[in-house]
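Here's the structure, in structure tokens; my notes come after.
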Amino acid sequence: MSQQPRSVTVLGLGPMGQAMVRAFLEAGVEVTVWNRSAEKADALVELGAKRAATVAEALDANEVAVLSLTHYAAMYDVLGQAPEHLAGKVIANLSSDSPEQTRRGGAWVRAHGAEFLSGGVMSAGDNIAHPASYIFYSGPREVFDVHAELLRPLSPQEYLGVDDGLAQVFYQALLTIFHPWMLAFDQALALITNSGNEIDRFLPFALRSNEAFPYFMTDFAAAAKAGGWGDRAQLTMMDAGAQHVVDASVEAGVDASLSRSAQALWRKAIAASESAGTPVPVYAVMRGA
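Take a look at the structure:
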């Protein structure tokens, strides 16, 4: 195994990129930074980061470059400014995108002579130091092993496998849970507020209910392996329950779009069950099975 470098380049200085730079600096890693809007580097330079004037200069500064960008299209925009400087480098792209876009991005990077790792940052916002934060990685195992120690300050690591898209499969699957949860919680808070109640009174009950989520996740995961949760009576019960949520929201003047979407899926499963003559759970409907 080669000697681990103690310097790194970070391209992209949004909130997550800035958090990464700070984590590297706190761990004693020398950091060179570049961002399209150069002023975003000012505060980081004051903390000890080195500013690169161009992408070429940023790539030349270190063997490893970490990308924190909006999507993979931005990677092409950035690295495409200096593709001739990629040979011999290691690109760790921790940006979000689809698994297939990630695989194409990895192929593009390697076609220009660089090694590639993909990552999905599971964090509490941009708080990568939060105890619940960690990063999925995928790509060649030997590349990850050589550079894992350098990348360790960013968050605990979960290496998933050689497929470049695998980190994004797991990352996007978790965001699939998180995004509706955010919207559902906003709807719940709106219902509480519009009904003349206090959010602070409601919050402890929401936190208490959240303690049951691991039970439901474990139960639903086991059910999914057997085809999915829900017989005809259970699907009908969930349809009725969704209608009650819609009614309560509408009565309070709250947008019930999310609950209507949930109800539409329950009803789709009911219709499929009636057509098949056997229960067809929502899990099976979503899989297209």
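Its first residue numbered 54, the sequence shown is counted upward by one per residue in our numbering. We put the CB at the ideal spot given by N, CA and C, even for glycine.
Q) What are the start and end residues of the alpha helix (DSSP H) that includes V61? A) Where V61 is concerned, there is no enclosing alpha helix (DSSP H), although the beta strand (DSSP E) it sits in stretches over S60 to L64.
Q. Would you say F223 faces chain D, with C-beta separation under 8 Å as the test?
A. No chain D appears in the structure shown, which is made up of a single protein chain.
(Q) Report the CB separation of Y336 from A277 in whole angstroms; it is logged as a contact under 8 Å. (A) 5 Å
Q | Beta-bridge pairing of G214 - partner residues as DSSP gives them | A | S191
(Q) I want to know whether the segment 144-152 touches the segment 104-119 - three or more CB-CB distances under 8 Å. (A) yes
Q: Tell me R104's beta-bridge partners as DSSP assigns them.
A: V86
Q) Skipping 5 residues on each side, what residues in its chain have a beta carbon closer than 7 Å to that of E99? A) none
Q: Could you please give me the residues that DSSP links to F231 through a beta bridge?
A: In the DSSP secondary-structure assignment, F231 is not bridged to any residue.
Q: Take every Cβ of the segment 275-289, pair it with every Cβ of the segment 324-339, and state whether three or more of those distances are shorter than 8 Å.
A: Contact holds: three or more Cβ-Cβ distances are below 8 Å.
Q: Tell me where the beta strand (DSSP E) around V117 begins and ends.
A: In the DSSP annotation of this structure, the continuous segment of the beta strand (DSSP E) that includes V117 starts and ends at V117 to L120.
Q.
On the criterion of 16 or more Cβ atoms from any shown chain inside 10 Å, does R75 qualify as buried, or is it exposed?
A. Residue burial annotation: R75 is buried, with at least 16 other C-beta atoms found within 10 angstroms of its C-beta.
Q. DSSP state of L204, grouped into three classes?
A. helix
Q) Quick one, are the C-beta atoms of S121 and G65 less than 8 Å apart? A) yes
Q: Identify the continuous alpha helix (DSSP H) that holds E264 and give its terminal residues.
A: Looking at the DSSP string, E264 is not in any alpha helix (DSSP H), and its letter there is neither H nor E.
Q) So does A140 have its beta carbon nearer than 7 Å to some heavy atom of the ligand HEM? A) As far as ligands go, the structure on display features none, and thus does not contain the ligand HEM.
Q. Given that a residue counts as buried once 16 or more other Cβ atoms are within 10 Å of its Cβ, and exposed if not, what is I230?
A. Counting Cβ neighbours within 10 Å, I230 comes out exposed, since fewer than 16 surround it.
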